[in-house]
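Q: Sharing a structure with you now.
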Amino acid sequence: MPPVKELHYLNQLSRVQRAAGPRCRDERDRRFLERLQSLSAEPGIDLENYGRLFEPKASLLSGDISPNYSTLGNKVIRQVVGYFPNLKVMFLARDPVERVWSHLSMEVYYRQIEPFDVTNIDEVNRNLLRRGMLLRSYPSAVVARWKRYVHPAQFRVYFFDDLQSNPAELRRSILCFLGADPDKPGSRLTADYNSWTKMEKLPLTDKVRSHLAKFFKKELKSCAARLGGPAREWPARYGF
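Going by the numbering used here, the sequence shown opens with residue 413, and the numbers climb by one from there.
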């Protein structure tokens, strides 16, 4: 993978903010970082040179894992898929109630938002109803946008549920989709490794959970119908 975990090149309109102390293990990483710095100085999206970021990997598989690409609009998606017709796209879908609470927990943990009274519905709504939060909170709409342009054989929806219940099988499925060898030894990390375990989640009361479930009721049912798989069970978690 690239030395920068999340490029966000496409959703930040080329203005990539480099992480502090990005990995630079070898010549390939050095060339990637140099090209990224040059690319980020340009005024708009340059897909040709964006693609060249990954050239140092040669025949090895490489890609860009940026969760915020779920917020891209039709115009950018159409542009990207048109330029990279063989692009393979994966989306990891999560129960929208669980996802939004996890996201709020992360934002508080990293001081991206001020701590708030998690038992107060009005304060929860104030943080929930931000445009950026809502754009990420409707997986059925995200999948529909991307499927509009990506060939069905080159698009996959995976589920956070499977990451929790059977991470080894999920890893195998993803590698097979990408055309990689799932039996080839990889990272020394175990399949169930989770770097987020140290992050303390905000307490979720039954009252707030019920409020969020009602807010996302229509989306929970849309996910069950359109995404299938584990999403079929999401509405029942909240009595729908």
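Heads up, the beta-carbon is just placed ideally off N, CA and C, and yes, glycines get one too.
According to DSSP, is M545 helix, strand or coil?
A: DSSP places M545 in helix when its eight states are reduced to three.
Q: With a threshold of 16 other CB atoms inside 10 Å of the CB of P414, please say whether the residue is buried or exposed.
A: Under this definition P414 is a buried residue.
Q: Does the pairing of the segment 628 to 635 with the segment 545 to 556 give three or more beta-carbon distances under 8 Å?
A: Touching, per the Cβ criterion.
Q: So is the beta-carbon of R542 under 8 Å away from any non-hydrogen atom of the ligand MG?
A: Within the structure as shown, the ligand MG is missing, as the structure has no ligands at all.
Q: Using only alpha-carbon positions, find the residue among S471, P468, Q424 and S478 that is nearest to E454.
A: The residue with the shortest Cα to Cα distance from E454 is Q424.
Q: Tell me which same chain residues have a C-beta within less than 6 Å of the C-beta of M518, skipping the five on either side of it?
A: Excluding sequence neighbours, M518 sits near nothing in its chain.
Q: Below 6 Å CB to CB, which residues in the same chain sit around Q491 once its five sequence neighbours on both sides are set aside?
A: Within the same chain, Q491 has no close Cβ partners at all.
Q: Hey, could you find the ends of the alpha helix (DSSP H) Y495 is sitting in?
A: Unbroken alpha helix (DSSP H) run through Y495: N486 to Y495.
Q: First and last residue of the alpha helix (DSSP H) that includes A636?
A: Taken as a continuous stretch (DSSP letters only), the alpha helix (DSSP H) holding A636 covers K629 to R638.
Q: Quick one, which of H420, V509, K487 and A580 has its alpha-carbon nearest A643's?
A: Among H420, V509, K487 and A580, the Cα nearest to that of A643 is on V509.
Q: Where does L504 fall in DSSP's three states?
A: Of the three classes helix, strand and coil, the one that applies to L504 here is strand, per DSSP.
Q: Please look up how many angstroms separate the CB atoms of R548 and S482, rounded, as I've assumed it's under 8 Å.
A: That belief holds up - the Cβ atoms of R548 and S482 are roughly 6 Å apart, short of 8 Å.
Q: Pick out whichever of I489, G456 and L472 has its Cα sitting closest to the Cα of N480.
A: The residue with the shortest Cα to Cα distance from N480 is I489.
Q: In three-state terms, what does DSSP make of V569?
A: Correct three-state label for V569: strand.
Q: Please return the same chain residues whose Cβ sits closer than 6 Å to the Cβ of K469, not counting the five positions on each side in sequence.
A: Answer for K469: no residue qualifies.
Q: Which term fits R442, buried or exposed, when burial requires 16 or more other beta carbons within 10 angstroms of its beta carbon?
A: R442 is exposed by the Cβ-count criterion.
Q: Please report the Cβ distance between R447 and L465, rounded to the nearest whole angstrom; I am assuming they are in contact, meaning their Cβ atoms lie under 8 Å.
A: So it is a contact: roughly 5 Å between Cβ atoms.
Q: Tell me whether G398 sits in a helix, a strand or coil according to DSSP, three-state version.
A: Outside the displayed range of the chain (413 to 652) lies residue 398, so it cannot be described from this structure.
Q: In this structure, how does DSSP classify E581 when only helix, strand and coil are distinguished?
A: Correct three-state label for E581: helix.
Q: Are there 16 or more other CB atoms within 10 angstroms of the CB of A580, so buried, or fewer, so exposed?
A: A580 is exposed by the Cβ-count criterion.
Q: Kindly list the residues whose CB is nearer than 8 Å to the CB of L614, restricted to its own chain and excluding five residues on each side of it in sequence; keep chain order.
A: Only W513, L516, S517, V520 and V530 meet the Cβ criterion.
Q: Cα-Cα, which of L540, N498 and L639 is closest to F589?
A: F589 has its Cα closest to that of N498, out of L540, N498 and L639.
Q: On the DSSP letters alone, give me the boundaries of the alpha helix (DSSP H) that N423 sits inside.
A: Taken as a continuous stretch (DSSP letters only), N423 belongs to no alpha helix (DSSP H), as it is neither H nor E.
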